[in-house]
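Just so you know, the sequences run in chain order A and B. Just remember that our numbering sits 204 ahead of the position in the first sequence, which is counted from 1. Just remember that our numbering sits 204 ahead of the position in the second sequence, which is counted from 1. One structure is given below, encoded as structure tokens.
Number of protein chains: 2
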Amino acid sequence: MAKPTIHQVADHAKVSITTVSRTINNPDMVEPETAERVWAAITELEYYPNGQARSLVSGRSRLLGLIVSDITNPFFPEVIKGFEDLATEQRFDILIGSTDYDPQKMALCIRRMLERRVDGVAIMTSEMDNHLIDQLARRKVPMVFLDVAVPREGISNIVVNYESGINEAVDHLAGLGHRRIGFISGPQQLKSAQIRRLAFMRSLSRYGIHVDDRLVVEGDHKVNGGLAAITQLMQLQERPTAVLASNDLTAVGAIRGIHQAGLTVPGDISVVGFDDIWLAEFTDPPLTTVRLSRTELGHQAFRALVCDNGTPHGELSVETRLVIRETTRAI
Amino acid sequence: MAKPTIHQVADHAKVSITTVSRTINNPDMVEPETAERVWAAITELEYYPNGQARSLVSGRSRLLGLIVSDITNPFFPEVIKGFEDLATEQRFDILIGSTDYDPQKMALCIRRMLERRVDGVAIMTSEMDNHLIDQLARRKVPMVFLDVAVPREGISNIVVNYESGINEAVDHLAGLGHRRIGFISGPQQLKSAQIRRLAFMRSLSRYGIHVDDRLVVEGDHKVNGGLAAITQLMQLQERPTAVLASNDLTAVGAIRGIHQAGLTVPGDISVVGFDDIWLAEFTDPPLTTVRLSRTELGHQAFRALVCDNGTPHGELSVETRLVIRETTRAI
DNA sequence: CTGTTAGCGCCTTCAA
DNA sequence: TTGAAGGCGCTAACAG
């Protein structure tokens, strides 16, 4: 039998299809003996209920969309894993979609989610098509965003507490005697990059450290941007003694730039990254960085979509904290 | 209208549902004027056909399963991306599943794929439940594996040509004067690790270099295993002047171990990795390694599942080649 | 406790 | 060119 349906099972067990359905979904509504016969038939025929048919009648697909910009960005795999772990635990399947930072691909992604009738979508990217988002909202498809600008009706949001970790970092650096602390930001069109930069500025003034504009330069959240930025920073007549980067890739670029200039980390300049991607542990020297748990992020995204208590969680948060390794040292 | 069905569209356009279906699927069977009215209704109501219903009647889900062991393993994201790129291009959606190297999770994964009625599954992991694999085969679900032991009827296989790249590496090393070349293998219960080790041995003898058993030690495809292995290798009275690692993580561990021993790379020992994961470019010094294109791997996996010409491709291959960076030097 | 009936939303004959 | 009717596989009333 290629693909047995509920009918073959019913015939085989000499019951009606309803009884088969019931022994699967409402076991207590069927007599044990009958159930046994049905199960025997199910295993005998290797029957698997057709999910499509089930969803069609139930109106729920048990499918969750997860949209990221680029899965090869080391930030995302752990997010996905965290999301997936909870999802499969609750018998949800996941539809992934990559936007490649392209609004058009984003639109296609959402259209696919719409056609598949997903029970929720986690959107971890910023290229969003407002019109399509509206359509999801109108269909009451639960959505969750990451650090979205303006939370709306029916849209959950995960806010990352960047400041807690950045404060720790500045605290750490200040404690080591650093006063001229530079910052290499991410591309400022990115909302999250803006937030990180802001958090840094605030943290600095919180410590009464003067914020020198020349010490804040823009990178691109990639290695080369970090390298270019640190080079610029090192050309200052009063160069910083420590640098905080908006993400780990930037920090890697910075370290590389410092080495290329014949200086050492942390001997001449201390460096602190952000994110604590897997790579951070393996730079040379191992990178001191602010950890943002992507697994936790994935978990929260799932929780926002599938509310255990029945009511949707509007706003969830994820903490950050400093992980001290070996790229920071007293001045 | 929360979720308009084909019926509302039909009413709105004052035609039958059949006509709506046709203007979407067989445009030439419907008069242009009518079609226009229908399209107007579709956009007006923001109608998206229900994929579940469609699959139910067509018998094809346009869903492809992709099973990996651990998405946070830097090997996989690019594979997924390559697979996804081609898939979305042809309007397929992807269901991901992680096994976490756990046969039981693998079984659950496959069960989910079965229930979703996927049109094909790419299985990029080795924990496989033969019984469930059989069920997939019996249902004629196209499958593709990576370096599987015994290809069977209806199962495609992607063979990676490890030897081409490893030959290049040994060639390169031999050209630099190295004769005592060590190898740090992966865990030998892994099929692919065995193949890599074998390819190395063969390559060596191909160059007439004597294979000293003590120069081949087993790692675990992770950083710590590489570190432990290189430590063991360095304790030999005649230590190797160059080491080839079964994957890049292992190479990273090796470099670290060499540094910890107060030696330098490539000054004292040359190191060659395998895979060319993203990280390889950012080690210190940048890692010379054998590149295995994961994107290509993903592409091939897709092609094996969805055959353009109508007949399934039974066996596809992916090449490897040496990428020379800075961890190798003349003796 | 079990079976019969009526859809879920769509595509596909078959007639008109 | 269009429409009516049947069915994809399953669940959920409603009867017995």
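Beta carbons: idealized from backbone N, C-alpha and C, even for Gly. Quantities reported herein were computed from a predicted structural model and do not represent experimental measurements.
At a cut-off of 8 Å, the C-beta of N254 of chain B has a neighbouring C-beta in chain A. Secondary-structure assignment with DSSP links N361 of chain A through a beta bridge to A:F349, A:E519. Fewer than three Cβ pairs drawn from the region 465-478 of chain B and the region 463-475 of chain A lie within less than 8 Å of each other, which leaves the two stretches out of contact. Taking G381 of chain B as the centre and dropping the five residues before and after it, the same chain places the C-beta of A534, I535 closer than 7 Å to its C-beta, in chain order. Against chain B, the CB of D452 of chain A has no partner CB under 8 Å away; the residue lies outside that interface. Residues of chain A whose Cβ lies closer than 8 Å to the Cβ of K285 of chain B are, in chain order, D274, I275, T276, S302. Taking a C-beta cut-off of 7 Å against chain B, none of the residues of the region 234-248 of chain A qualify. For T238 of chain B, the enclosing alpha helix (DSSP H) starts and ends at 236-249. The continuous stretches of beta strand (DSSP E) do not include I284 of chain B, which lies in the alpha helix (DSSP H) extending over residues 280-293. Straight through space, the alpha carbons of A446 of chain B and A378 of chain B are spaced by roughly 10 Å. Between the beta-carbon of A217 of chain B and that of A245 of chain B there is about 4 Å, and that keeps the pair under the 8 Å contact cut. Contacts with chain B at 8 Å (Cβ-Cβ) do not include S497 of chain A.
Contact between G430 of chain B and A455 of chain B is confirmed by a C-beta separation of about 6 Å, below the 8 Å threshold. V427: these are the residues of the region 424-448 of chain A whose beta carbon lies less than 7 Å from some beta carbon of chain B, given in chain order. The beta carbon of L350 of chain A sits closer than 6 Å to those of M328, I362, all from its chain and outside the five residues before and after it, given in chain order. Neighbours of P281 of chain A in chain B, taken as residues whose beta carbon is under 7 Å from its own, are I275, T276, P281 in chain order. L483 of chain B sits away from H376 of chain B, with the two beta carbons spaced by 8 Å or more. Interface criterion not met: the Cβ of R533 of chain A is under 8 Å from no Cβ in chain B. Put simply, the CB of V522 of chain A is far from chain B, with every gap to its CB atoms at 8 Å or more. R321 of chain B and I271 of chain A have their C-alpha atoms spaced approximately 23 Å apart.
The Cβ of K344 of chain A sits closer than 8 Å to at least one Cβ of chain B. When Cβ pairs closer than 8 Å are counted between the two stretches, the region 257-266 of chain B is seen not to touch the region 333-344 of chain A, the count staying below three. Across the structure, W243 of chain A and M310 of chain B are spaced so that their CA atoms are roughly 23 Å apart. Residues of the region 484-496 of chain B with a C-beta atom less than 7 Å from some C-beta of chain A are F486, D488, listed in chain order. With 16 or more neighbouring CB atoms inside 10 Å of its own CB, E288 of chain A falls in the buried class. In the structure shown, A217 of chain A adopts helical secondary structure according to DSSP, grouped into three states. By the Cβ criterion, the region 293-303 of chain A is in contact with the region 289-306 of chain B, since at least three pairs of Cβ atoms, one from each stretch, lie closer than 8 Å. Residue state for F486 of chain A is assigned as helix, using DSSP reduced to three classes. D297 of chain B belongs to the set of residues whose beta carbon lies under 8 Å from a beta carbon in chain A. Taking 8 Å as the cut-off, the Cβ atoms of G358 of chain B and A341 of chain B count as close. In this structure R498 of chain A is buried. Its beta-carbon is surrounded by 16 or more other beta-carbon atoms within 10 angstroms. Following the DSSP letters along the chain, one finds T435 of chain B in no beta strand (DSSP E) but inside the alpha helix (DSSP H) bounded by residues 427-438. The C-beta separation of V374 of chain A from L408 of chain A comes to about 6 Å, placing the pair in contact by the 8 Å criterion. A508 of chain B: member of the alpha helix (DSSP H) spanning 498-509, first to last residue. In this chain, the alpha helix (DSSP H) harbouring F404 of chain A covers 395-410.
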